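Engineer: Numbering (my numbering), first residue to last: 22 to 633.
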Amino acid sequence: MSAPGRRVTRGSVTDNGVMQAVSRRPLSGPRRWARHASSPAWLARLLALLGLVSLVSALTPSLGERLAAIREVLPHFAPAAARAGTAATGLVLLFLARGLRRRKSRAWWAAVTLSGLAAVLHLVKGLDVEEATFAGVVLLLLVAGRRDFVARPDPRSTRTVLWTAGSGLVLATSLGWLLLTLTGAREAPGTSAAERLEEAVFGLIGIPGPVRFVTQDAADRAAVTLLILGAAGLLTALGVMLRPAGGPHTLTPSEEEELRALIAGHGRVDSLSYFALRRDRSVIFSRSRKAAVSYRVVGGVSLAGGDPIGDPEAWPAAISAWLEETTRFGWCPAVLGASTAGANAYHRAGFDAVEIGDEAVIEVDDFGLDGRRMRPVRQAVRRVERAGYRIRCDRVAEVGQAARDEAVHGADAWRNGATERGFSMALGRFQDPQDDGCVMVRALDGNGRLRALMHFVPWGPDGLSLDLMRRDRSSENGTVEAMVAGLVSQAPRFGVTRLSLNFAVFRSVFERGERLGAGPVLRVWHAVLLQASRFWQIEALYRANAKYHPLWQPRYLCFVEARDLPRIGLVALRAEAFLRTPSWATLSGRRRASPPTSDLSGNHRPPPSQRP
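1) Just the C-alpha distance for threonine 500 and alanine 186, rounded to the nearest angstrom, thanks.
2) For alanine 325 and aspartate 379, I'd like the C-alpha separation in whole angstroms.
3) What three-state label does DSSP hand methionine 395 in the structure shown?
4) Once DSSP output is grouped into helix, strand and coil, what is the label at serine 521?
5) With DSSP run on the structure shown, which of helix, strand or coil describes threonine 30?
6) Does the stretch 208-225 touch the stretch 158-172, meaning 3 or more C-beta pairs lie closer than 8 Å?
7) So that I know if they touch, is there some Cβ in chain B lying closer than 7 Å to that of asparagine 365?
8) Thinking C-alpha only, which one of Leu448, Gln452, Ser495 is nearest leucine 15?
9) Return the residue from the list Arg233, Ser360, Glu376 that minimises the CA-CA distance to valine 526.
10) Is alanine 408 near the ligand FAD - that is, is its Cβ less than 6 Å away from at least one heavy atom of it?
11) Quick check on the burial criterion: 16 or more other C-beta atoms within 10 angstroms. Buried or exposed for aspartate 457?
12) According to the Cβ coordinates, are serine 275 and serine 486 closer than 7 Å?
13) If we ignore side chains and look at the alpha-carbon of each, how far apart do arginine 87 and alanine 153 end up?
14) Roughly how many angstroms lie between the CA atoms of aspartate 585 and phenylalanine 515, to the nearest whole one?
15) Give every residue of the same chain whose Cβ lies closer than 6 Å to the Cβ of alanine 428, excluding the five residues on either side of it in the sequence, and list them in chain order.
16) If I measure Cβ to Cβ from alanine 418 and keep anything under 8 Å in the same chain, skipping five residues before and after, which residues do I get?
17) Going by DSSP, what residue range makes up the beta strand (DSSP E) through aspartate 169?
18) Answer with buried or exposed for alanine 433, where buried requires no fewer than 16 other C-beta atoms within 10 angstroms of its C-beta.
19) Would you say proline 329 and valine 319 are within 7 Å of each other, going by their C-beta atoms?
20) Following the continuous beta strand (DSSP E) through serine 14, name the residue where it begins and the one where it ends.
21) I'd like the list of long-range same chain contacts for phenylalanine 306, defined as Cβ closer than 6 Å, with 5 residues on each side in sequence excluded.
22) Does DSSP classify phenylalanine 477 as helix, strand or coil?
23) Could you give the uninterrupted runs of the beta strand (DSSP E) lying entirely in the stretch 337-415, keeping only those of 3 residues or more?
24) Would you mind sorting glycine 389 into buried or exposed? The rule is 16 or more other CB atoms within 10 Å of its CB.
25) Report the option in Ala128, Val113, Ala103 whose CA atom is closest to the CA atom of glutamate 61.
26) Applying the criterion that 16 or more other CB atoms from any shown protein chain within 10 Å of the CB defines a buried residue, is threonine 110 buried or exposed?
27) Taking all protein chains shown into account, decide if serine 188 is buried (16 or more other Cβ within 10 angstroms of its Cβ) or exposed.
28) If we call anything under 7 Å between Cβ atoms a contact, is phenylalanine 372 one with valine 581?
29) Near leucine 255, what residues of its chain come up, given a Cβ to Cβ distance below 7 Å and the 5 sequence neighbours on each side ignored?
30) Would you mind sorting proline 100 into buried or exposed? The rule is 16 or more other CB atoms within 10 Å of its CB.
31) Use the C-beta contact count for serine 360: other C-beta atoms within 10 angstroms, 16 or more gives buried, fewer gives exposed.
32) Would you mind working out which of Gln455, Ala65, Ala464 sits nearest arginine 491, comparing C-alpha positions?
33) Taking its Cβ as the centre, do 16 or more other Cβ atoms sit within 10 Å of arginine 403, making it buried, or is it exposed?
34) Which residues in the same chain as leucine 190 place their Cβ atom closer than 8 Å to its Cβ, once the five residues preceding and following it in sequence are excluded?
35) Suppose you measure from the CA of serine 78 to the CA of phenylalanine 116; what does that come to, to the nearest Å?
36) With the cut-off set at 7 Å, would you say alanine 381 and leucine 522 are in Cβ contact?
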């Protein structure tokens, strides 16, 4: 087995977790340098540098002797057209660098073409041998590293790219023709509409057309404007061409059945296993079908939720299959909400991990309302009992249709805001016929009216994991505490020995930051989170869970490269529906249905005033 945290660039993982590496001869000095320089990361840097050099060179006057030598061989307009083309090429190369870093095959083809074009343009615009040589070196390195650029484009994007390029060309040409028509006073008398159209078409790529202008200043302005229109159209088409591939199909019925079988056999390992059945996720299985990784692709990040599903011995094979897919499509792999066991498995596959909070777990046998430390919960339970409330705990299959309809209506009516949040720790549906094994806890007032509810999904044969929690704003204070205590008291009836409650983000910071002797860094971090809690109720959630004195189980965010953390963080917020992407922001114009989604706690929680 490979050492923890170490990446093996050549090899495969078997279902028993054994890394089979391919031995290689150590490279000599020059070959090692060439291989390093032709890596995707370095090629992206070199391509960006070439783009910057090309832009600066296009804006810098050429040497007189070199320019004169070019004009003796080529037409008089060639250097000016090459200068404009160099500027446009440099801009596009800067744009391509990001796609090259993601190992995209389309970005590689475009980079190879434009690097060769840049070398020619640098020679034509003024015999700039130095810049042309640099472009040639970059071209050779691109060719040498061609095997690394295997990321496939979204197969559905070809039609969109063609449509965008075609419509962009028509739009840019039309705008150019309109501009030339409106500024006709700057053109030679007798200029026809056909000549203006031809000027607009050629001007998009920096080549002068048949239109003659009154002054050189007017000709330069028209050339620059047309070139900008052409570059804008090209960049738009490239943006569509290089956008991250969308995820594969969401969970199919057959895949769901396979997942349910894995969860039935190994669901006890992770309290989040059942949430892999969210139907807005995708799944990839190990070759033996003994394990799987459940994930969703958002913004070019393949975000897995929780631990792999299935036999822990087959987890490495499932992780390997998932990583091969992320490489094939140029996705950035990340994991949200992994347990300690899952984080170790991902760590062995080359990931780093950072703790993002703790999951509150109640052991039924150790829970009781006696004692001073449980006094707040005990008082809340008694207050609710005096108000005439009754707590009902039932498997969903045992609940009548009328009670189900009432629960669905209440869950919708009591939701805080229009957006359903959740990805890693929420099921995203309620009262589905496939989820009859879930447990619903209801608080009924003295008149039998539903005032609050909690929904738990199975956590193996002897556990439950909180999925949804809602209550009426006007219900008795302490209702949630009464529901938790009621479920614990009736847990033996369901064969349940443990309950997973909410997820407390950065719980350890709040706990340790208040202690005497806390270090300056911890105190600053604690102060920052206290300020953030004014908006996101981070501290309130921690204290709401702490009153039950649960066991705290750490959860981790796993990533491969630290520089991807800002991007992964934004994607995690999008997946959990804290950030919403406007419908008009999609370049393709194709809207993808937004699935019901939970906050970072993974549970649908009521507003702060309604929390336990």
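Note that CB positions come from ideal geometry on N, CA and C, so glycine has one too. Every value quoted in this text rests on a predicted model; they were computed, and no experiment measured them.
Structural biologist: In this structure, then:
1) Roughly 59 Å between the two C-alpha positions.
2) C-alpha of alanine 325 to C-alpha of aspartate 379: approximately 18 Å in a straight line.
3) Methionine 395: helix per DSSP, three-state reduction.
4) Three-state DSSP puts serine 521 in a strand.
5) Caution applies to threonine 30, whose pLDDT of 35 falls short of 50 and renders its modelled position unreliable; the value that the coordinates give is listed next. In the structure shown, threonine 30 sits in coil (DSSP, three-state: anything other than H, G, I, E or B).
6) Verdict: no, contact absent.
7) The displayed structure is made up of one protein chain only, and chain B is not part of it.
8) A question about residue 15 goes unanswered here, because the residues of the chain that appear run from 22 up to 633.
9) Here the closest residue by C-alpha is Glu376.
10) This structure simply doesn't include the ligand FAD, nor any ligand for that matter.
11) It counts as exposed.
12) No, these two residues do not count as a Cβ contact at 7 Å.
13) When rounded, the distance between both Cα atoms is 14 Å.
14) C-alpha separation (whole angstroms): 44 Å.
15) Closer than 6 Å at the Cβ level, and outside the excluded window around alanine 428, lie Leu474.
16) So the list reads Asp457, Gly458, once near-sequence residues are dropped.
17) No beta strand (DSSP E) holds aspartate 169; DSSP gives it neither H nor E.
18) First, the amino acid is wrong: residue 433 is aspartate here, not alanine. Counting C-beta atoms within 10 angstroms of its own C-beta, aspartate 433 has fewer than 16 neighbours from the protein chains shown and is therefore classed as exposed.
19) The criterion of a C-beta distance shorter than 7 Å is not satisfied by proline 329 and valine 319.
20) Since the displayed the chain opens at 22 and closes at 633, residue 14 lies outside it and no answer follows.
21) Excluding sequence neighbours, phenylalanine 306 sits near Ala313.
22) Phenylalanine 477 falls in the strand class under three-state DSSP.
23) Counting only runs of 3 or more, we get 353-359, 373-384.
24) Per the 10 Å Cβ criterion, exposed.
25) In the sequence on display, residue 61 carries proline and not glutamate. Closest option to proline 61, Cα to Cα, is Ala128.
26) Answer is buried; the Cβ neighbour count reaches 16.
27) Serine 188 should be labelled exposed.
28) Contact: yes.
29) Closer than 7 Å at Cβ, skipping near neighbours: Val113.
30) Proline 100 should be labelled buried.
31) Around the C-beta of serine 360, 16 or more other C-beta atoms lie within 10 Å, and the residue is accordingly described as buried.
32) The candidate whose alpha carbon is nearest that of arginine 491 is Ala464.
33) Taking every protein chain shown into account, the CB of arginine 403 has fewer than 16 other CB atoms within 10 angstroms, so this residue is exposed.
34) Closer than 8 Å at the Cβ level, and outside the excluded window around leucine 190, lie Leu225, Gly254.
35) Whole-angstrom Cα-Cα distance: 18 Å.
36) Yes, Cβ-Cβ distance for alanine 381 and leucine 522 is below 7 Å.
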